[in-house]
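S.K.:
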Amino acid sequence: MDALRRDPDAAADQLVALLRRLVEAQPDELACVIVDSEGEERATLTYREYDTKARAVAAALQEVAAPGDRAILFLPTSTDFLVSLLACAYSGVMAVPVPDGPSGATRLSGILEDCEPRVLITDATVAADPAKYGIDVTRFAVLVAAEVPDEQAEQLRPHTVHPDDVVIMQYTSGSTSEPKGVLVSHRNVLANLKDMAHALPLREDERLICVSWLPLFHDMGMVQIMHTLAQGGISVLMTPTSFIMHPRVWLETIGKYRAQLATAPNFGYLMCVDRIPAAKRAGLDLSHWRYALNGSEPIHAETLDTFVDAFSSVGFDRTALMPGYGLAESTFYVSGRPGHSQAYPLSIAALENEGVVRPPVGDEPVRRLVTAGPVAPSVEVRIVDPDTRRACAPDRVGEIWVRGEGIAAGYWRKDDGRFSAVIDGEDASVHYLRTRDFGVLIEDELYVLGRVDDVIILDGRNHFPQDLELSAWESHEAITPGRVAAFGYERDGKVQIGLVAEVGRRFRPTAPGAPAGPARVDPREIVRAVRTAVTAEHQVPVADIVLVAGHGLPRTTSGKIQRRRARALYLADELKLWAPGHRAAAPAATETSPA
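Its first residue numbered 3, the sequence shown is counted upward by one per residue in the numbering used here.
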């Protein structure tokens, strides 16, 4: 039934052959279902239709582009996106997925300038008014995928594909820098899919069903769908907007289709808890959900605990939790396995003062660090000192370096040395990818602490922003969980810590001297709570705390907080304040490196 489960070693070495095997084995089985914001089916695609439409669009691509050219995929969550992705594989054209809609116009402009596409694949709405999206159609051809007739599949010219040919140019989310185009080959994708098949086993008599709202232009959303395809399964897709508007529909759809696989970043699980009260959880059925992946942003132990507490009564089993680690440069998947969701209690003092991971002693402040699970079979992970480039001792925190068949060849027209790093004192012919993430291996499981570039060094101690942010949002109910940014800046020649926190939509600031109410809070109370919590738990002063309105913190297209952008807005005094009348003038400061 599937291409990777029965004989992984004999699986195709490129995506086209993989799809062809599935078409021959199960032509009339469903491959994809699109549902709307109410969970109603709006479109379906069988494997035969998938293949025919992909070959038709590939033939249309061959009329305007050559192998190695770039094709922008500017499409919403739809069967057209999936068809166009495989069409690029058929024609040898690099697929470049980008955020859809007017909100992604700024990011799209930079990508168009960087990758110099030959064609843009989109829908009729965009093609009718490209200027609305900042698209200059004089620079490349425009192809409306839905308008290509199936009969054009017969015109497809055979194209020989090598496993190392680039199939996807996946742009990074840009949480710490400008997005870069990662060159992902057929070999990289298949290696990732084999590792995922190993981590997410299926019974011989069952078929994988995945329910996803993740954006398809993001690596986690796209690879999840590719994994389902490789397993001969069914992808049930809804838009991210549908999830944000109605998170319960995601859970309803998981139950309706008896899906084993569904994935969300940390904030998605939090949103389910916050937006689906106990009275509305009745009637859900999560008993078939075996693989609840959690990645793409920092994972908090409290999130896992509250989600299990909220939904165990409707069949959710904690063993389904699968915190993991991955990045675009590794195609996606590096580590994680269902049933591995434990949180390691570590001493904050030892971490910040010595860079060492150990349990707390006495009443030392504690950080519960969630595992990212065992490392995938085809991946090697090393923990390396980012300054000396020497391997770290087992209990020391260092930069995560990885190697394996899933690691991409590099960036498009950029070489910063990250893909060819060598560990000092070891074989110089063995190259690793520098992830720029801090982590540690404990009992053969990977734990991720945060970005190297985000660490704040103050008085010789390393402060991880994630720790400061967690203390802040746990300090007062008015702060939106996961919506805090901590960063370093310089004032009077000394590094200071600034903190920006989003206040929940239901809260309003009190007028000066007015009594507080159920949804009215004195901003000074919130600031005091944050300052007290961060100082007590980390023994570090916070120079400035800014409260912003909902959506006031900049985020990437995948939902990650952009700390550098938040710091820049803070320094320019351009943040959207929650209670402007309570905000003193921002301190005179200059931007400084956090590390």
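We treat Cβ as the ideally placed atom computed from N, Cα and C, and that holds for glycine.
Keep in mind it's a predicted model, so treat the numbers as computed, not measured.
Quick check on residue 158: does DSSP put it in helix, strand or coil?
M.R.: As a first step, residue 158 must be located in the sequence shown, where it is residue number 156. Of the three classes helix, strand and coil, the one that applies to residue 158 here is coil, per DSSP.
S.K.: Let's see if you can read the secondary structure: which residues bound the alpha helix (DSSP H) around residue 49?
M.R.: Start at 1 with the first residue of the sequence shown, and residue 49 comes out as number 47. It spans 49-64 - the alpha helix (DSSP H) in which residue 49 sits, taken as one unbroken run.
S.K.: Indicate whether the contact test is met: 3 or more Cβ pairs, each with one atom in the stretch 150-157 and one in the stretch 124-140, closer than 8 Å.
M.R.: No, the stretch 150-157 is not in contact with the stretch 124-140.
S.K.: Out of 337, 80 and 580, which one is the CA nearest neighbour of residue 33?
M.R.: For this step, residue 33 is matched to residue 31 along the sequence shown. Residue 33 has its Cα closest to that of 80, out of 337, 80 and 580.
S.K.: Identify every residue that forms a DSSP beta bridge with residue 449.
M.R.: For the purposes of this step, residue 449 is identified with residue 447 of the sequence shown, where counting begins at 1. According to DSSP, residue 449 bridges with 373 and 442.
S.K.: Can you tell me which of 491, 477, 322 and 71 puts its alpha carbon nearest to the alpha carbon of residue 505?
M.R.: Residue mapping note: residue 505 aligns to position 503 of the sequence shown, counting from 1. Nearest C-alpha to residue 505: 477.
S.K.: Which residues in the same chain have their Cβ closer than 6 Å to the Cβ of residue 300, if we skip the five residues on either side of it in sequence?
M.R.: By 1-based counting over the sequence shown, the position of residue 300 is 298. Result list for residue 300: 468, in chain order.
S.K.: With a threshold of 16 other CB atoms inside 10 Å of the CB of residue 43, please say whether the residue is buried or exposed.
M.R.: Indexing the sequence shown from 1 puts residue 43 at position 41. So residue 43 ends up on the exposed side.
S.K.: Under a three-way DSSP split, which group does residue 394 fall into?
M.R.: For the purposes of this step, residue 394 is identified with residue 392 of the sequence shown, where counting begins at 1. Residue 394: coil per DSSP, three-state reduction.
S.K.: Of all the beta strand (DSSP E) runs that stay within the bounds of the stretch 221-296, which reach a length of 3 or more residues?
M.R.: Uninterrupted beta strand (DSSP E) stretches at least 3 residues long and entirely within the stretch 221-296 occur at 236-239, 263-266 and 293-296, given in chain order.
S.K.: From what residue to what residue does the alpha helix (DSSP H) around residue 334 run?
M.R.: Position 332 of the sequence shown holds residue 334. Where residue 334 is concerned, there is no enclosing alpha helix (DSSP H), given that its DSSP letter is neither H nor E.
S.K.: Considering only the beta carbon of each residue, do residue 435 and residue 403 sit closer than 9 Å?
M.R.: Within the sequence shown, residue 435 is the residue found at index 433, counting from 1. Within the sequence shown, residue 403 is the residue found at index 401, counting from 1. Taking 9 Å as the cut-off, the beta carbon of residue 435 is found closer than this to the beta carbon of residue 403.
S.K.: CA-CA distance, residue 529 and residue 547?
M.R.: What you label residue 529 is simply residue 527 of the sequence shown in a count that begins at 1. What you label residue 547 is simply residue 545 of the sequence shown in a count that begins at 1. Using only the alpha carbons, I get a separation of about 6 Å.
S.K.: Looking at residue 172: is its Cβ nearer than 9 Å to the Cβ of residue 322?
M.R.: Here residue 172 refers to the residue found at position 170 of the sequence shown. Here residue 322 refers to the residue found at position 320 of the sequence shown. No.
S.K.: Residue 60: buried (16+ other C-beta within 10 angstroms of its C-beta) or exposed?
M.R.: Mapped onto the sequence shown, residue 60 falls at position 58. Per the 10 Å Cβ criterion, buried.
S.K.: Taking all protein chains shown into account, do 16 or more other C-beta atoms lie within 10 angstroms of the C-beta of residue 399, making it buried, or fewer, making it exposed?
M.R.: Here residue 399 corresponds to residue number 397 of the sequence shown, with the count starting at 1. Per the 10 Å Cβ criterion, buried.
S.K.: Assuming residue 532 and residue 474 make a contact with CB atoms under 8 Å, what is their CB distance in whole Å?
M.R.: Taking the sequence shown and counting its residues from 1, the one referred to as residue 532 is at position 530. Taking the sequence shown and counting its residues from 1, the one referred to as residue 474 is at position 472. Contact holds; Cβ gap of about 5 Å.
S.K.: Three or more C-beta pairs closer than 8 Å, one from the stretch 180-190 and one from the stretch 200-215: is that the case here?
M.R.: no
S.K.: Label residue 537 either buried or exposed according to how many other C-beta atoms from any shown protein chain fall within 10 Å of its C-beta, with 16 as the threshold for buried.
M.R.: Translated into positions along the sequence shown, residue 537 becomes position 535. With fewer than 16 Cβ atoms within 10 Å of its Cβ, residue 537 is classed as exposed.
S.K.: In the DSSP assignment, the beta strand (DSSP E) including residue 491 goes from what residue to what residue?
M.R.: Translated into positions along the sequence shown, residue 491 becomes position 489. Its beta strand (DSSP E) spans residues 481-493.
S.K.: Could you compute how far the alpha carbon of residue 647 sits from the alpha carbon of residue 485?
M.R.: A query on residue 647 cannot be resolved here, the shown segment of the chain reaching from 3 to 597 and no further.
S.K.: Determine the closest residue to residue 325 out of 355, 268, 333 and 310, with distance taken between C-alpha atoms.
M.R.: Here residue 325 refers to the residue found at position 323 when the sequence shown is read from its first residue. If we check each option's Cα against that of residue 325, 268 comes out closest.
S.K.: In angstroms, rounded to a whole number, what distance separates the CA positions of residue 196 and residue 47?
M.R.: On the sequence shown, position 194 is the one that residue 196 refers to. On the sequence shown, position 45 is the one that residue 47 refers to. Whole-angstrom Cα-Cα distance: 24 Å.
S.K.: Out of 169, 384 and 449, which one is the CA nearest neighbour of residue 297?
M.R.: On the sequence shown, position 295 is the one that residue 297 refers to. Of 169, 384 and 449, the residue nearest in Cα terms is 449.
S.K.: Between residue 255 and residue 401, what straight-line distance do the alpha-carbon atoms span, to the nearest angstrom?
M.R.: Counting from one through the sequence shown, the residue named residue 255 turns up at place 253. Counting from one through the sequence shown, the residue named residue 401 turns up at place 399. Straight-line Cα distance between these residues: approximately 39 Å.
S.K.: Are there 16 or more other CB atoms within 10 angstroms of the CB of residue 282, so buried, or fewer, so exposed?
M.R.: Within the sequence shown, numbered from 1, the residue matching residue 282 stands at position 280. Counting Cβ neighbours within 10 Å, residue 282 comes out exposed, since fewer than 16 surround it.
S.K.: Since residue 74 contacts residue 132 with CB under 8 Å, what's their CB separation in whole angstroms?
M.R.: For the purposes of this step, residue 74 is taken as the residue at position 72 of the sequence shown. For the purposes of this step, residue 132 is taken as the residue at position 130 of the sequence shown. Wrong, their Cβ atoms sit about 11 Å apart, outside the cutoff.
S.K.: Quick one: Cα of residue 49 to Cα of residue 30, how far?
M.R.: Along the sequence shown, read from residue 1 onward, the residue named residue 49 stands at position 47. Along the sequence shown, read from residue 1 onward, the residue named residue 30 stands at position 28. A direct Cα-Cα distance of roughly 6 Å separates residue 49 from residue 30.
S.K.: For residue 525, which of 568, 481 and 492 has the nearest alpha-carbon?
M.R.: The residue labelled residue 525 in the question sits at position 523 within the sequence shown. Closest by alpha carbon: 481.
S.K.: Starting from the N-terminal side, write out each stretch of the beta strand (DSSP E) that is 3 residues or longer and does not extend beyond the stretch 308-373.
M.R.: 323-325, 335-337 and 345-349
S.K.: Just the C-alpha distance for residue 562 and residue 373, rounded to the nearest angstrom, thanks.
M.R.: Indexing the sequence shown from 1 puts residue 562 at position 560. Indexing the sequence shown from 1 puts residue 373 at position 371. Approximately 19 Å between the Cα atoms of the pair.
S.K.: Since residue 317 and residue 288 are thought to touch, with beta carbons under 8 Å apart, how far apart are those beta carbons, to the nearest angstrom?
M.R.: The residue you call residue 317 lines up with position 315 of the sequence shown. The residue you call residue 288 lines up with position 286 of the sequence shown. Yes, they are in contact, since the Cβ atoms of residue 317 and residue 288 sit about 5 Å apart, within 8 Å.
S.K.: Whole angstroms are fine: how far does the CA of residue 466 sit from the CA of residue 163?
M.R.: The residue given as residue 163 occupies position 161 in the sequence shown. The residue given as residue 466 occupies position 464 in the sequence shown. Those two C-alpha atoms are separated by around 44 Å.
S.K.: Locate the beta strand (DSSP E) running through residue 135, then write down its first and last residues.
M.R.: Translated into the one-based positions of the sequence shown, residue 135 becomes position 133. It is not in any beta strand (DSSP E) - residue 135 carries neither H nor E in the DSSP assignment.
S.K.: Would a C-beta distance cut-off of 9 Å place residue 554 and residue 573 closer than the cut-off?
M.R.: For this step, residue 554 is matched to residue 552 along the sequence shown. For this step, residue 573 is matched to residue 571 along the sequence shown. Not in contact: residue 554 and residue 573 (Cβ atoms no closer than 9 Å).
S.K.: In three-state terms, what does DSSP make of residue 174?
M.R.: Taking the first residue of the sequence shown as 1, we reach residue 174 at position 172. Coil at residue 174, not helix or strand.
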